[in-house]
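First up is the structure itself, then whatever we jot down about it.
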Amino acid sequence: MSRPKVFVTRRIMPEALDLIAGAADLEVWPDDEPPSPAILREKAAGADAILTNIMDRVDAALLEAAPGLKVISQLAVGLDNVDVAEATRRGVPVGYTPGVLAKATADTAFALLLAAARRIGESERWVRNGHWDLAFHPLRWLGVDVHDKTLGIVGLGQIGLEMARRGQGFDMKLLYHSRTRHPDLEARYGLAYADLPTLLAESDFVSLHVPLTPETRHYIGAAELRRMKPTAVLVNAARGPVVDSRALYTALKEGWIYAAGLDVTDPEPIPADDPLLTLENVVIAPHIGSASVAARGAMCRLAARNLIAGLNGDPLERCANPEVYRRN
Ligand code: NAP
Ligand code: GLV
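Going by numbering that gives the first Met the number 0, the sequence shown opens with residue 0, and the numbers climb by one from there.
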C-alpha cells in the first residue's frame, strides 16, 4: 500500500519530522521564506496532510484544490490564517498547539512589559550607540514602576492566565476583560472582572491576549487608547491587527499613553519605514512569543502527533474543530 504524502511548509524540529517520516512520505519546504499561495495550493493538492504555520494562508481556494486532505496541522495556537469554518464544512480536522506555548509566550509578554516600563530598549540603544558619557545621574532614565500597579488582561485564556500569574509575582492588582467570565479564576487568582472601558481607564498596564477575529480587529483604536492613563503601557503579544497601529503611533507620539511593548505588528515583518520605528517609547520584538527551545520543541511534537492522528483517522490530540467528529 502506498504511504500517505505530507507537505510541511517550513523546516521544523528534527524529532517532529522523524515522527512524521515514520508514518508518511515527507516533503519539507526548504526555504526560510514561506511558499507562495500558488505553490502551497499545488503542494496541498497532492498531499494527504499539511503542516502549516501562521504565515501560510489556508483558505477556501486551497481547500477546494486539495480534496484529498485528511488533516491540517497548524504549528501555532492562533488560527487566523486558516479558514476553520470551511475546513469543518469539508470534514477536515484542524490541529493546533494550545497550552504548550502559554508560559513561554507570557514570559515574552511580561519581558516586553518590563522593558517598556523601565526603558530597557531605549537605554540599551543609547549605550550601544556610544552615548553613555555620565556614569549615573539621579534624574536620568526614570521609568514607571511595575510592582504594586494594576495589570489589565484582555482575553483571559491560557496565555492571559499565565500573564496574571506573573503579575501576582510582582504584587500587581489584577483586572481582566474577556468574552467569558471566570468566577473560579477570579477567586483563585484575585482577578476582578471589568468591562473594557473600565479596564482601560484603571489599568497601569494593558496586556492583549485575544485571538484575531473579525470582532477583535482594531479592538484597540484611538478611542480605546484615549481612555488609557498617560502613564500606562500597552503590551500586544496577540496579533498585530488587534491594535490600530496608526492610532498607536499617535498615542505614543502625543503622550496619550507612556509606552508600548509589541511582539506582533501590522503587517509582519514591520516595514523599515514604519513610523513606530522612529519612536523611543516602543519596544518591538519580531514575533518571538513562543520562541524558546522547549516551547517550540513541544509545539513541533504536538503538531506532528496531531498530523499523524489525522492521517490515521484518529481524533486529534488538540483539535480546533472537534465538531467534524460529530457529523453523520
Ligand atoms: P485562548 O486560550 O483561546 O485565549 C483567548 C481568550 O480570548 C479566551 O479567553 C477567549 O474567550 C478570549 N476572547 C476571544 N474573543 C474575544 C473577544 N472578542 N473579546 C474578549 N475576549 C475574547 O488562546 P491563547 O492560547 O491564550 O492565545 C491567545 C492568542 O495569542 C492566540 O489566538 C494568538 O493569536 C496569540 N499568540 C501569540 C503568540 C506570539 O508568539 N506572540 C503565541 C501564541 C499565541 P473565550 O474563553 O470565551 O473563548
Ligand atoms: C503564535 O503566534 C501562535 O499563535 O502560536
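Backbone N, C-alpha and C define an ideal beta-carbon position, used for all residues, glycine too.
| Asked | Found |
| --- | --- |
| Residue 218 CB to nearest heavy atom of the ligand NAP below 8 Å | yes |
| Distance cut-off 8 Å: residue 104 Cβ against heavy atoms of the ligand NAP | yes |
| Touch test, the region 138-151 against the region 81-101, Cβ-Cβ under 8 Å, three pairs minimum | no |
| Coil, strand or helix - residue 150 by DSSP | strand |
| Cut-off 7 Å between Cβ atoms - residues of its own chain near residue 53, not counting five sequence neighbours on either side | 75, 77 and 80 |
| Cβ pair count under 8 Å reaching 3, the region 303-321 against the region 281-291 | no |
| Residue environment, residue 130, which counts as buried when at least 16 other CB atoms sit within 10 Å | exposed |
| Close beta carbons around residue 282, own chain, < 6 Å, minus the five adjacent residues each side | 111, 114, 115, 120 and 260 |
| Distance, residue 25 Cα to residue 242 Cα | 38 Å |
| Meets three-Cβ-pair contact criterion under 8 Å: the region 220-227 and the region 243-256 | yes |
| Where residue 94 falls: helix, strand or coil (DSSP) | strand |
| CA nearest to the CA of residue 181, picked from 100, 159 and 248 | 159 |
| Runs of beta strand (DSSP E) wholly within the region 8-79 (minimum 3 residues, chain order) | 24-27, 48-51 and 70-73 |
| Straight-line gap, residue 19 to residue 11 (C-alpha atoms, nearest Å) | 11 Å |
| Residue 215 Cβ short of 8 Å to the ligand NAP heavy atom set | yes |
| Residues sharing a beta bridge with residue 260, DSSP | 234 and 282 |
| Cα-Cα separation between residue 133 and residue 140, rounded to whole angstroms | 12 Å |
| Cβ-Cβ separation, residue 211 to residue 219 (assumed contact under 8 Å), whole Å | Actually they do not touch by this definition, with Cβ atoms about 12 Å apart. |
| Burial state of residue 161 (16 or more Cβ within 10 Å) | buried |
| Outcome for residue 1 when other beta-carbon atoms lying within 10 angstroms are tallied against a minimum of 16 | exposed |
| Below 7 Å from a heavy atom of the ligand HEM - residues by beta-carbon | Ligands present in the displayed structure are limited to the ligand NAP and the ligand GLV, and the ligand HEM is not among them. |
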